[in-house]
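The block underneath contains the structure these notes are about, expressed in structure tokens.
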Amino acid sequence: MKTRKSHIFIFIIALFFPASFFAQTADEIIANHLAAHGDLKKWKQIESMKITGKFTAFSEQKDFFCIKTKSGAYYSELFLGKNAVIEAFNGKTGWTIDPWQDILYARRLNSAEENVFQQKALFFTPFFDYKEKGAKVEYTGKQNIDGEDVFALKLTKANGKIETWYLNTSTYLEFKCESEWVDFATPVPAQTFFDDFRTVNGLVIPFFIERTFWQRDRILQIENIEFNIKLDEKLLVMPRKEQMNKLEFMQGDWNVDLEVFTRRGTWYKTGATNSDINYVSTNLLQENINYENYFAYSKRVDYTYNDADNKYRISVFDDLSSTFEIFEGNFTDSCFTADNCDISYTAGKAENKSCTQLSICNIEKGSFILEIKSSNDGGKNWNPREKYTYTRKIK
Amino acid sequence: MKKKIITSCILSFLLLMQTFIASSQQSEPIPWNQFKGFYRNGVASGNTLAEKIPENGPKMLWKKKTGSAFSEITIMGNQIYTMLSEKTDSVSGLEFAVAFDAKTGNEIWKTLIDSIFIDVDGWGDGPRSTPAIGQDFVYSFSGRGKLTATSKTDGKIAWQVDFVKEFGSTIPRWGFANSPLLIGDLVVMEAGGSENRAFIAFDAKTGKVVWAKGKGNSTYNSPSVANIDGETQIIFANGIYLYSFNAQGDTLWTLKTPIGNPTALPLVFDSNKVFISAIRNTGFIVAEFNKNGAKELINGTAMKNDYSTSVYYDGYIYGFNVAALTCISATTGEKKWTKRGFGKGSLILVDDKLLVLSDQGKIIQVKATPDAYTEQGSFQAIEGKSWTAPSFSDGKVYVRNLTEMACFDLN
Chain B
1 MKTRKSHIFI FIIALFFPAS FFAQTADEII ANHLAAHGDL KKWKQIESMK
51 ITGKFTAFSE QKDFFCIKTK SGAYYSELFL GKNAVIEAFN GKTGWTIDPW
101 QDILYARRLN SAEENVFQQK ALFFTPFFDY KEKGAKVEYT GKQNIDGEDV
151 FALKLTKANG KIETWYLNTS TYLEFKCESE WVDFATPVPA QTFFDDFRTV
201 NGLVIPFFIE RTFWQRDRIL QIENIEFNIK LDEKLLVMPR KEQMNKLEFM
251 QGDWNVDLEV FTRRGTWYKT GATNSDINYV STNLLQENIN YENYFAYSKR
301 VDYTYNDADN KYRISVFDDL SSTFEIFEGN FTDSCFTADN CDISYTAGKA
351 ENKSCTQLSI CNIEKGSFIL EIKSSNDGGK NWNPREKYTY TRKIK
Chain P
396 MKKKIITSCI LSFLLLMQTF IASSQQSEPI PWNQFKGFYR NGVASGNTLA
446 EKIPENGPKM LWKKKTGSAF SEITIMGNQI YTMLSEKTDS VSGLEFAVAF
496 DAKTGNEIWK TLIDSIFIDV DGWGDGPRST PAIGQDFVYS FSGRGKLTAT
546 SKTDGKIAWQ VDFVKEFGST IPRWGFANSP LLIGDLVVME AGGSENRAFI
596 AFDAKTGKVV WAKGKGNSTY NSPSVANIDG ETQIIFANGI YLYSFNAQGD
646 TLWTLKTPIG NPTALPLVFD SNKVFISAIR NTGFIVAEFN KNGAKELING
696 TAMKNDYSTS VYYDGYIYGF NVAALTCISA TTGEKKWTKR GFGKGSLILV
746 DDKLLVLSDQ GKIIQVKATP DAYTEQGSFQ AIEGKSWTAP SFSDGKVYVR
796 NLTEMACFDL N
């Protein structure tokens, strides 16, 4: 009876105080965990880390390096099997070049990948200043994983993602982490294992990190760590497609002279206007131009490069007629030429006998000429229609 | 005539099995004559191993460069057999079946089998399949789907069947990978052919089709064999099904499983149980079977085999759970221990010990016990990516990868 009463008493106490009990324990565990990682003052002085070593993917061990900063930036060059991969993250957004995805140029990270890069950018443990970062921690008890006694900590990050960290009960160092990773840009659960802890400048760091997700196995074996290496910010800027760089001569603010081709076979100047052309993303050069040719027009012209058919693709939006026109083409000799003869808006090949050509020639440092031509025979013969002479504005 | 051939097949298989079982009882080593050894279970029966690998490593008998292939090494008497490839330029080359002297590693013969299979993903070019050593011939299967019988002594081609041309088989993305199974006078293959020719048994002497059964694509799996009440069961894992046929090609049972497209071959143990595992989805199941049917006993997620087949010993299954060497109970599926650090390795069982080959070419001897991971020494056998499991015979372990092969004396 006495035992029963004491059980009830303990139960009531537990009902009222479990949160504070566990919070206290979680804080203690985290304090020990941070202490186990070395001198906290030294950690706070670290602005960046450059890690070099070997990265194993698909059982192929290759050279690896990454640079991570206190602000959460991350840049890495590595190999996944036969393919060289580049990863860059500025702490919020980033890009990658990963040929495994059949995309040979830089592409932006999706939100699942951004979560992964936040994990990659961590110096060592997410529990360092976790409250300031908006994360919450819950201690969920002791466990035995693969023969290792561990404390299990549930970490809810500011972005809502949940990770479970397992810390060795003797050393307080991380043994395992369960978190969300990505495979081919798709979220998958991952398990990460930490081993071979070494002390570098008084800081304790795992030199062996193995991560398995889906059927993948990735191993990072650190060979060297340098601290407070400056990260060249240019590395984080998403590179344009190589082909889009060829259009760089168009970027800027322009004075534009407009001419139309008369029935007498001569050019007749109809007016002048302004145009601004800028890269709005790495695969999009955009022009906004307003002009009068009898009526007042406002057009937006998008230049992109389409890898699927190795051609530039241009879309022209005309607000007067509310129409889009699409052109495809490439550089030939010293001109850039695109037309819509083969463009079809329905299934099957276009039979567009009447079509239009955009031709950019006379490309010089401060000027170029865009000519618009028409064809009534599917592009065999072209007739001049309009001419736009661009001259760079002097600032 | 057909009945006579079939009866002859059964008798010769039983005779062969009895011979080897008798040999096993006398502790005579059983030849590692086909993929995963004589019983297709990764066990080098009749062999013993020292309790520890010497600290300075075992005696290396030979090591040599070799052409790219994932084929295991098979062993019979003084000769060993495998496959390799040679590139003539970046997109073409040739595949060969090759015999070497077991003691020296010197080449005895090399026979051109097919043009090379080029791996688009860069995992490795050339053959994937392991040759099987029969009475007179060695049976090899190229990455592009040609099954070839070559004379054991001089490598002369006796017969060849092109699966793509003959059966309408489709080359899988990573090449044909299944390894011939020898049952008496039959060579049994997963063919993945059209018109109910997924599984085919060939006359070992002539290459003629004895029977062809079933629907299914070419996968990366290979058939296993069991023997219940004197009847041979050939077990295929294809798609989400296990199929069992007797040596005459009669369907004995079919079992739908939650395991999709396993690469590790079905592991038969306790004579009437089969373990299959794949790296995705459920993980593994153990099924019990008899002459007429099969039923799932347990399933679990503690073991997810990729391309490496697990081994069974004394109530427990040892294998790679993705990239962690793991021991689970074959009865309950409960995980007993895990050891990381070997990548996606492979393993075989010798005596009461595991010989584990890490995916970086290191051999680790581990006691096959559920109590705890107990290492008994290790040595770096070969260098670089090593996805081909070791082979063992007469106290010697044979290893290879895409660039080199070697033999070590573990006695």
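Chains B and P, in that order, give the protein sequences. If you count by our numbering, then the first sequence holds residues 1 to 395, one letter each, in order. If you count by our numbering, then the second sequence holds residues 396 to 806, one letter each, in order. Beta carbons are placed, not taken as given, at the ideal position from N, Cα and C, and that holds for glycine.
So, with DSSP's three-state summary, where would you put residue i?
| i | result |
| --- | --- |
| P:Asn-806 | coil |
| B:Ile-30 | helix |
| P:Trp-782 | coil |
| B:Gly-378 | coil |
| P:Thr-483 | strand |
| P:Phe-465 | coil |
| B:Asn-274 | strand |
| B:Gln-191 | strand |
| P:Asn-380 | Residue 380 of chain P falls outside the range modelled here, since chain P spans only 396 to 806, and no answer is possible. |
| B:Ala-36 | helix |
| B:Met-238 | coil |
| P:Trp-732 | strand |
| B:Gln-215 | coil |
| B:Glu-210 | strand |
| P:Asn-451 | coil |
| B:Lys-41 | helix |
| B:Phe-151 | strand |
| B:Thr-69 | strand |
Give the residues of chain B in contact with residue i, contact being defined as C-beta atoms less than 9 angstroms apart.
| i | result |
| --- | --- |
| P:Ile-674 | Trp-214 and Gln-215 |
| P:Phe-775 | Inspection of the sequence shows that residue 775 of chain P is occupied by Gln rather than by Phe. Under the 9 angstroms cutoff, chain B gives no residues; its nearest Cβ is about 13 angstroms from P:Gln-775. |
Just to confirm my understanding: we take residue i, look at its own chain, exclude 5 residues before and 5 after, and list those with CB closer than 8 angstroms. What are they?
| i | result |
| --- | --- |
| B:Ile-46 | Lys-70, Phe-123, Leu-203, Phe-227 and Asn-228 |
| P:Lys-699 | Ser-672, Ala-673, Ile-674, Arg-675, Gly-678, Phe-679, Asn-716 and Val-717 |
| B:Ser-334 | Cys-361 and Ile-363 |
| B:His-33 | Thr-125, Phe-127, Leu-167, Tyr-172, Leu-173 and Glu-174 |
| B:Asn-283 | Tyr-105, Arg-240, Lys-241, Met-244, Thr-304 and Tyr-305 |
By how many angstroms is the C-alpha of residue j removed from the C-alpha of residue i?
| i | j | result |
| --- | --- | --- |
| P:Met-584 | P:Ser-564 | 12 angstroms |
| B:Tyr-187 | P:Arg-735 | It is Pro, not Tyr, that sits at residue 187 of chain B in the sequence shown. Roughly 24 angstroms separates the two Cα atoms. |
| B:Gly-271 | B:Glu-259 | 7 angstroms |
| P:Val-706 | P:Leu-744 | 7 angstroms |
| B:Tyr-291 | B:Asn-330 | 26 angstroms |
| P:Ser-419 | P:Leu-456 | Interpretation of P:Ser-419 is limited by its pLDDT of 39, a score under 50 that renders its predicted location unreliable; the figure taken from the coordinates is listed afterwards. Going by the C-alpha atoms only, they are around 26 angstroms apart. |
| P:Asn-442 | P:Thr-469 | 16 angstroms |
| B:Ala-158 | B:Ala-135 | 5 angstroms |
| B:Lys-365 | B:Met-250 | 10 angstroms |
| P:Ser-613 | P:Tyr-636 | 13 angstroms |
| B:Ala-57 | P:Pro-657 | 21 angstroms |
| P:Ala-527 | B:Thr-96 | 46 angstroms |
| B:Lys-44 | B:Gly-38 | 11 angstroms |
What does residue i touch in chain B if you count any residue whose Cβ is under 7 angstroms from its own?
| i | result |
| --- | --- |
| P:Lys-780 | Ser-59 and Glu-60 |
| P:Gly-517 | Gly-81 and Lys-82 |
Among the residues of its own chain, which have a CB less than 6 angstroms from the CB of residue i, if the five just before and after it don't count?
| i | result |
| --- | --- |
| P:Tyr-708 | Leu-744 and Ala-763 |
| P:Gly-710 | Ala-725 |
| B:Leu-78 | Phe-55, Phe-64 and Val-85 |
| B:Gly-378 | Cys-341 and Lys-353 |
| B:Trp-214 | Asp-183 and Val-188 |
| P:Ile-723 | Ala-697, Met-698, Ile-712 and Lys-730 |
| B:Asp-98 | Val-85 |
| B:Phe-336 | Ile-360 |
Can you list, in chain order, the residues of its chain with a C-beta nearer than 7 angstroms to that of residue i? Leave out the 5 residues immediately preceding and following it.
| i | result |
| --- | --- |
| B:Arg-216 | Asp-183 |
| P:Ile-513 | Val-486 and Asp-520 |
| B:Val-200 | Ile-225 |
| B:Leu-235 | Tyr-75 and Ala-88 |
| B:Lys-393 | Asp-253, Trp-254 and Asn-255 |
Taking residue i as the query, report the chain B residues whose CB atoms sit under 8 angstroms from its CB, ordered along the chain.
| i | result |
| --- | --- |
| P:Lys-739 | Ser-59 and Asp-217 |
| P:Val-486 | Those within 8 angstroms of P:Val-486 in chain B number zero; the least Cβ separation is about 15 angstroms. |
Report the neighbours of residue i on chain P: residues whose CB is nearer than 7 angstroms to its CB, in chain order.
| i | result |
| --- | --- |
| B:Gly-53 | The contacting residues do not exist; B:Gly-53 stays about 15 angstroms from chain P at best. |
Please compile the residues from chain P whose C-beta is within a distance smaller than 8 angstroms of the C-beta of residue i.
| i | result |
| --- | --- |
| B:Phe-193 | Arg-735 |
So which residues on chain P does residue i lean against when the C-beta distance must stay under 9 angstroms?
| i | result |
| --- | --- |
| B:Asp-63 | Within chain P, no residue comes near B:Asp-63; the closest Cβ sits about 15 angstroms away, beyond 9 angstroms. |
Can you list, in chain order, the stretches of the beta strand (DSSP E) that have 3 or more residues and sit fully within the segment 280-311 of chain B? For the segment 280-311 of chain B, whole beta strand (DSSP E) runs of length 3 or above, ordered along the chain, are 284-293 and 295-306.
Would you mind listing the alpha helix (DSSP H) stretches within the segment 322-373 of chain B that are 4+ residues and don't spill past its ends, in chain order? For the alpha helix (DSSP H) assignment, the segment 322-373 of chain B encloses no uninterrupted run of at least 4 residues.
Mind pulling the beta strand (DSSP E) runs of 3 or more residues that sit fully within the segment 647-672 of chain P? Listed in chain order, the beta strand (DSSP E) elements of length 3 or more contained wholly in the segment 647-672 of chain P are 662-664 and 668-672.
Could you give the uninterrupted runs of the alpha helix (DSSP H) lying entirely in the segment 73-123 of chain B, keeping only those of 4 residues or more? Segments of the alpha helix (DSSP H) lying fully in the segment 73-123 of chain B: 111-121.
Which parts of the segment 489-562 of chain P are runs of the alpha helix (DSSP H), unbroken and 4 residues or longer, counting only runs that do not cross its ends? With a minimum length of 4 residues, the continuous alpha helix (DSSP H) runs that stay inside the segment 489-562 of chain P are 558-562.
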